[in-house]
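A quick write-up on the structure given underneath.
Protein chains: 2
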Amino acid sequence: MRKPAEDTAACCPPAPEGTDLRPIEGPEADDELAALAKAVGHEARVRILRLLARRTTCVCGDFVELLPLAQSTVSQHLKVLKEAGLIRGEVGGPRVCYCLEPRALRRLKALVGGL
Amino acid sequence: MRKPAEDTAACCPPAPEGTDLRPIEGPEADDELAALAKAVGHEARVRILRLLARRTTCVCGDFVELLPLAQSTVSQHLKVLKEAGLIRGEVGGPRVCYCLEPRALRRLKALVGGL
DNA sequence: GCGGTTTATCGTCGAAATACGATGAGGAAG
DNA sequence: CTTCCTCATCGTATTTCGACGATAAACCGC
């Protein structure tokens with residue numbers, strides 16, 4: 217059985233602040249926006265991002281219980297989000313705590329805002 | 217041959233203003249964000265949106281010249297954007313003028329901002 | 001009406017995405 | 001060391017995407 221993961225409040229470091237220096241438009245920015253948007257372009261991944269934003273949970277197993285998907289599928293989606301740079305995964309014991317990457321999220325908002 | 221389409225400045229109506237009343241989160245909002253992001257999640261479509269934002273052009277044939285894609289492929293991308301509600305197509309003569317749908321764009325920004 | 005121009009749609013093909021179960025890796029607990 | 005729990009990865013089937021050429025549809029000018 218799974219334990220409900222009560223240690224969900226503080227599993228990620230404070231968040232590395234810093235400014236995004238890259239341009240908000242141009243061919244590179246276009247590709248970047250397309251890649252980020254593609255990562256967000258799936259219901260399950262949006263829900264994962266939302267759950268992480270609310271910090272109600274951050275462990276893979278919790279997502280499996282909250283989403284109508286198999287564990288391997290959830291892991292795939294987490295991988296996509298991680299490769300897009302939108303989330304980060306910290307190994308803590310047998311579990312893995314995922315957190316939002318605020319930098320990438322800011323970047324996405326900036327790029328979308330530039331439309 | 218194609219004429220360079222100099223009548224690009226005023227091919228779209230003023231833009232239907234109005235407020236977006238729908239919620240910014242919840243299952244429906246998740247699906248909506250996923251659908252919009254999926255539409256944006258391609259380099260060619262991002263470039264089309266950028267071109268439309270600058271209003272430098274708005275005719276399908278112009279995109280074909282500016283993108284390394286066949287006419288049918290460009291038309292497909294325009295269709296995806298239109299079905300997502302992000303652009304609108306007005307028929308003017310043998311040409312079709314595409315314009316951004318500001319409402320949908322605002323909606324997208326709001327949904328992304330809610331992350 | 002007839003040609004010429006522009007755009008959409010159809011059919012097709014290969015590539016990528018999505019889903020699953022099964023299996024493997026790695027730490028915690030005993 | 002062994003067992004249990006968690007998660008990632010592999011292999012695979014199905015679906016969807018992205019691209020193209022060819023063709024049809026719509027409109028203007030003559």
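Those protein sequence lines, which keep their order, are chains A and B.
If you use the working numbering, the first sequence corresponds to residues 217 to 331, in order.
If you use the working numbering, the second sequence corresponds to residues 217 to 331, in order.
C-beta: ideal position from N, C-alpha, C; glycine also.
The structure displayed is predicted, hence computed values, not measured ones.
Beta-carbon proximity of Asp236/B to Ala300/B, cut-off 8 Å = By 1-based counting over the second sequence, the position of residue 236/B is 20. By 1-based counting over the second sequence, the position of residue 300/B is 84. Not a contact, by the Cβ cut-off of 8 Å.
Selection from His258/A, Ala286/A, Leu252/A and Ile264/A that minimises the alpha carbon distance to Val262/B = Along the second sequence, read from residue 1 onward, the residue named residue 262/B stands at position 46. Looking at the Cα atoms, Leu252/A is the closest of the given residues.
Please look up how many angstroms separate the CB atoms of Cys276/A and Val290/A, rounded, as I've assumed it's under 8 Å.
-> Taking the first sequence and counting its residues from 1, one reaches residue 276/A at position 60. Taking the first sequence and counting its residues from 1, one reaches residue 290/A at position 74. 6 Å between Cβ atoms; contact.
Could you give the distance in angstroms between the alpha-carbon of Thr224/B and the alpha-carbon of Asp246/A?
-> Position 8 of the second sequence, counted from the first residue, corresponds to residue 224/B. Position 30 of the first sequence, counted from the first residue, corresponds to residue 246/A. The predicted position of Thr224/B is uncertain, since its pLDDT is 42 and thus under 50; no value can be drawn from it.
Would you give the residue range spanned by the alpha helix (DSSP H) that Ile264/A belongs to?
-> For the purposes of this step, residue 264/A is identified with residue 48 of the first sequence, where counting begins at 1. Looking at the DSSP string, the run of the alpha helix (DSSP H) that includes Ile264/A is Glu259 to Arg270.
From Arg322/A, Cys315/A, Ala320/A and Arg323/A, residue whose alpha carbon lies closest to that of Phe279/A = Within the first sequence, residue 279/A is the residue found at index 63, counting from 1. Ranking Arg322/A, Cys315/A, Ala320/A and Arg323/A by Cα distance to Phe279/A puts Cys315/A first.
Quick one, which residues of the stretch 280 to 295 of chain A are near chain B if we go by CB-CB under 8 Å, in chain order?
-> none
Residues bridged to Leu331/B (per DSSP) | Translated into positions along the second sequence, residue 331/B becomes position 115. Answer is none; Leu331/B lacks a bridge partner.
Within chain B, partners of Asp246/A - CB distance below 7 Å | Reading the first sequence from its first residue, position 30 is the one you call residue 246/A. Glu259, Val262, Arg263 and Arg266, listed in chain order.
Please report the residue range of the beta strand (DSSP E) in which Leu316/A lies.
-> Numbered from its first residue, the first sequence carries residue 316/A at position 100. Run containing Leu316/A: Arg311 to Leu316, per the beta strand (DSSP E) assignment.
Interface partners of Gly329/B on chain A, CB under 7 Å | On the second sequence, residue 329/B is found 113 positions in, with the first residue counted as 1. By Cβ distance, chain A contributes Lys325.
Closer than 8 Å by C-beta to Leu294/B: which residues in its own chain qualify, once you throw out the five before and the five after it? Chain order, please.
-> Position 78 of the second sequence holds residue 294/B. Contacts found: Ile264, Cys276, Phe279, Ile303, Gly305 and Tyr314.
Kindly say whether Val256/A, judged by its beta-carbon, lies nearer than 8 Å to any beta-carbon of chain B.
-> On the first sequence, residue 256/A is found 40 positions in, with the first residue counted as 1. Chain B, which has a Cβ nearer than 8 Å to the Cβ of Val256/A, makes this yes.
Just the Cα atoms here: how many angstroms apart are Leu321/A and Arg311/B?
-> One-based indexing of the first sequence puts residue 321/A at position 105. One-based indexing of the second sequence puts residue 311/B at position 95. Distance between the alpha carbons of Leu321/A and Arg311/B is about 39 Å.
Compare the C-beta of Ala253/B against all C-beta atoms of chain A and say whether one is closer than 8 Å.
-> On the second sequence, position 37 is the one that residue 253/B refers to. For Ala253/B, the answer is yes, since a Cβ of chain A falls inside 8 Å of its Cβ.
Is Ala250/A close to chain B, meaning its C-beta is less than 8 Å from at least one C-beta of that chain?
-> Position 34 of the first sequence holds residue 250/A. Yes, its Cβ sits closer than 8 Å to a Cβ of chain B.
Using a beta-carbon distance below 8 Å, is Ala320/B in contact with chain A?
-> If you number the second sequence from 1, residue 320/B lands on position 104. Ala320/B does not count as touching chain A.
On a CA-only basis, which of Ala260/A, Gly242/A and Gly329/A is nearest Gln292/A? Give me that one, please.
-> Translated into the one-based positions of the first sequence, residue 292/A becomes position 76. Minimum Cα distance to Gln292/A is reached at Ala260/A.
Where does Ala250/B land, buried or exposed, given buried means 16+ other C-beta within 10 angstroms?
-> Along the second sequence, read from residue 1 onward, the residue named residue 250/B stands at position 34. Under this definition Ala250/B is a buried residue.
Provide the residue(s) that pair with Arg304/A in DSSP beta bridges, ordered along the chain.
-> As a position in the first sequence, residue 304/A is number 88, starting the count at 1. For Arg304/A, which the question treats as bridged, DSSP gives the partners Cys315/A.
Say whether chain B places a C-beta atom closer than 8 Å to the C-beta of Ala300/A.
-> Walking along the first sequence from the start, residue 300/A turns up at place 84. By this cut-off, Ala300/A is not an interface position.
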